[in-house]
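Asker: Below is one structure. I have some questions about it.
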Amino acid sequence: MKKILSILFVLISLSTYSQITITDINSIGDIVYQRNETPSSLLSVGSSGLNQNWDFSILNSNNSTNTLVFLDPIGTTYEQQYPSASLCLNDNGTLSYYKQESNGLFLLGLGDTVFNSPALFFPLPLTYGLTLSDGPVVIIQESITGPLLSSYIPDSLVSVLTNGVANKAEEALIKITNSTDFVVDASGSMTTGLGSFDVLRLKLTAYTDSELDILCKDTVTNQTTWITNVPFTSIPGLTSFSNNSIEYKYQWVTDDTSVSFLICEAVVDEFDNIIDEVSYQIAPPVSSTVNVEKNLLNVFPNPTSNVLNIDFIKKNNYSLSFVDINGRILISKNVINNISLDISSFNKGIYFLLVKSDEDFVIKKIKIE
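Position in the sequence shown (first residue = 1) + 9 = the numbering used here.
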């Protein structure tokens with residue numbers, strides 16, 4: 010009897026928090042709101058293991074909101090460069106492209122920078138105890154020549170790098186290799202301003218190694234020589250970058266359908282001390298307007314059937330996108346003043362108008378009837 014009671018006690022203890030499995034992430038049409046905050050020194054990522062409890066409810070700043078919009082790659086700016094992409098993320102105007110496979114979500118590139126090989130961004134499915142490594146993967150391998158090369162590596166610098174053997178940079182080759190270790194090292198409950206959720210904690214350790222080789226030439230003798238493994242610190246415009254870097258990060262993810270899968274994210278040092286800011290999910294703003302003057306623009310009529318008028322209170326450089334409920338971009342324009350959009354060819358339903366400037370980002374729900 011004593012042995013049976015002991016077993017029951019262990020089983021009850023292990024069931025304090027339900028063990029979840031993450032099998033899916035965001036889909037086309039999702040809009041997620043996040044906020045970044047420099048946390049109090051009292052906030053900790055906690056320990057690994059089962060039945061952990063993370064209380065991050067003290068995160069409650071008035072910092073500006075980041076808006077993540079998940080789009081269909083078809084119709085976006087760089088769709089032709091990512092024919093295999095199944096998802097595009099618009100992070101406040103910055104586009105990244107992904108392909109979802111059975112074993113995870115792979116990052117294909119950022120904007121017009123297409124990776125040589127996809128890098129695992131998020132493994133699937135996620136369960137407690139998962140350990141997985143991706144890489145090394147060569148994500149960028151580029152040749153740089155012409156005026157851009159000369160601007161970074163002028164003749165005077167070539168003379169220094171070659172000890173006077175050459176005086177002009179002909180070509181630079183840069184290769185960036187990425188490796189990432191993924192470990193689901195904890196599970197339990199996380200509390201934020203959104204509520205309490207069953208979560209898994211995913212630890213990521215990302216290694217980035219960059220190699221810079223420069224072909225240098227003596228313009229008098231036409232002799233060339235390669236200078237390999239040039240440290241970034243020797244290039245004036247790259248002194249703030251390192252050839253080799255390691256980033257440690259924790260992500261708390263949930264399968265709760267009432268919120269997006271990523272609840273919170275924290276970058277840490279090698280000793281698990283939180284550094285920089287913590288990113289955490291927040292509820293959608295009541296007005297669906299982010300970091301914007303109250304009267305930045307007027308949109309009318311809404312609902313509409315033929316024309317949508319957009320009147321700006323002040324002139325500025327605005328990036329405008331009209332997207333359907335699946336995230337497909339139907340209209341994309343750069344404007345500085347009032348504009349009328351012809352939406353007569355679109356089906357009845359709900360759409361979104363996204364307007365972005367350097368200072369503001371606005372999302373308006375539009376109904377076509």
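We put the beta carbon where it would ideally sit given N, CA and C, even for glycine.
Given the structure is predicted, the values throughout are model-derived calculations rather than measurements.
Along the alpha helix (DSSP H) that carries S165, what are the first and last residues, could you check?
Answerer: Taken as a continuous stretch (DSSP letters only), the alpha helix (DSSP H) holding S165 covers D164 to L170.
Asker: What does a CB cutoff of less than 8 Å around L51 pick up in its chain, not counting 5 residues either side in sequence?
Answerer: I67.
Asker: Evaluate I380 with the Cβ neighbour count: other Cβ atoms within 10 Å of its Cβ, from every protein chain shown; 16 or more gives buried, anything less gives exposed.
Answerer: Any property of residue 380 remains undetermined from this structure, which presents the chain solely from 10 to 378.
Asker: Measuring straight from C-alpha to C-alpha, what distance separates Y216 and I352?
Answerer: Near 47 Å, if we compare the C-alpha coordinates of I352 and Y216.
Asker: Take the Cβ of K374 as the centre, count every other Cβ of all protein chains shown within 10 Å, and call the residue buried at 16 or more, exposed below.
Answerer: Flag for K374 reads exposed.
Asker: Out of V174, I244, I291 and V123, which has the shortest C-alpha to C-alpha gap to N69?
Answerer: Comparing Cα positions, the closest option is I291.
Asker: Under three-state DSSP, which class holds L98?
Answerer: DSSP places L98 in strand when its eight states are reduced to three.
Asker: Report the CB separation of T103 from G84 in whole angstroms; it is logged as a contact under 8 Å.
Answerer: T103 to G84, Cβ: 17 Å. No contact.
Asker: Within this structure, are the beta carbons of T237 and D222 separated by less than 8 Å?
Answerer: Yes, these two residues count as a Cβ contact at 8 Å.
Asker: Kindly give me the distance between the Cβ atoms of L166 and A181, rounded to whole angstroms, as I take these residues to be in contact under 8 Å.
Answerer: Actually they are not in contact, since the Cβ atoms of L166 and A181 sit about 12 Å apart, beyond 8 Å.
Asker: Taking all protein chains shown into account, do 16 or more other C-beta atoms lie within 10 angstroms of the C-beta of I319, making it buried, or fewer, making it exposed?
Answerer: Classification for I319: buried.
Asker: Starting from the Cα of E151, find the closest Cα among L129, T171, G173 and T186 and give me that residue.
Answerer: Checking every option, the nearest Cα to that of E151 belongs to T186.
Asker: Quick check: the Cα distance between S366 and L317, rounded to an integer number of angstroms?
Answerer: Those two C-alpha atoms are separated by around 20 Å.
Asker: Note the first and the last residue of the continuous alpha helix (DSSP H) segment covering Y257.
Answerer: Element bounds for Y257: not the alpha helix (DSSP H) but the beta strand (DSSP E), N253 to V262.
Asker: Excluding sequence positions up to five away, which residues of its chain have a Cβ less than 6 Å from the Cβ of D143?
Answerer: Cβ neighbours of D143 beyond the five flanking positions: L129 and T189.
Asker: So for Y137, helix, strand or coil by DSSP?
Answerer: Coil, per DSSP.
Asker: Apart from the five residues on each side of it in sequence, which residues of its chain come closer than 6 Å, Cβ to Cβ, to W63?
Answerer: Around W63: G55 and M199.
Asker: Taking 7 Å as the limit between beta carbons, can you name the residues of its chain near T242, skipping five residues before and five after?
Answerer: Excluding residues within five positions, the ones whose Cβ falls inside 7 Å are T248.
Asker: Tell me which residues share the same chain as V344 and place their Cβ nearer than 7 Å to its Cβ, disregarding the 5 neighbours each side in the sequence.
Answerer: The residues are Y327 and L329.
Asker: In the structure shown, what three-state DSSP assignment does Y360 receive?
Answerer: It is a strand residue.
Asker: Pick from L350, Q89, I283 and D265: whose alpha carbon is nearest that of A310?
Answerer: According to the sequence as given, residue 310 is Pro; it is not Ala. Checking every option, the nearest Cα to that of P310 belongs to L350.
Asker: According to DSSP, is P132 helix, strand or coil?
Answerer: Looking at P132 - three-state DSSP - the assignment turns out to be strand.
Asker: On the DSSP letters alone, give me the boundaries of the beta strand (DSSP E) that S341 sits inside.
Answerer: Its beta strand (DSSP E) spans residues I338 to V344.
Asker: State the start and end residues of the unbroken alpha helix (DSSP H) segment that holds S159.
Answerer: Its alpha helix (DSSP H) spans residues G155 to Y161.
Asker: Roughly how many whole angstroms lie between the Cα atoms of D369 and L224?
Answerer: Using only the alpha carbons, I get a separation of about 44 Å.
Asker: Please state if the CB of S196 and the CB of L59 are separated by a distance shorter than 8 Å.
Answerer: Yes, the Cβ-Cβ distance between L59 and S196 is below 8 Å.
Asker: Within the same chain, show all residues whose beta-carbon is closer than 6 Å to that of W261, passing over the 5 residues directly before and after it, in chain order.
Answerer: The residues are M199, V208, R210, I272 and C273.
Asker: Which two residues bound the contiguous beta strand (DSSP E) that contains F206?
Answerer: Per DSSP, F206 belongs to the beta strand (DSSP E) from G204 to K226.
Asker: How many Å lie between P134 and V146 at the Cα?
Answerer: So the alpha carbons of these two residues sit roughly 21 Å apart.
Asker: Where does P245 fall in DSSP's three states?
Answerer: P245 falls in the helix class under three-state DSSP.
Asker: Alpha carbon to alpha carbon, how far is I377 from Y259?
Answerer: Those two C-alpha atoms are separated by around 42 Å.
Asker: Just reading off the beta strand (DSSP E) that D190 is part of, what are its end residues?
Answerer: K177 to T201 is the extent of the beta strand (DSSP E) around D190.
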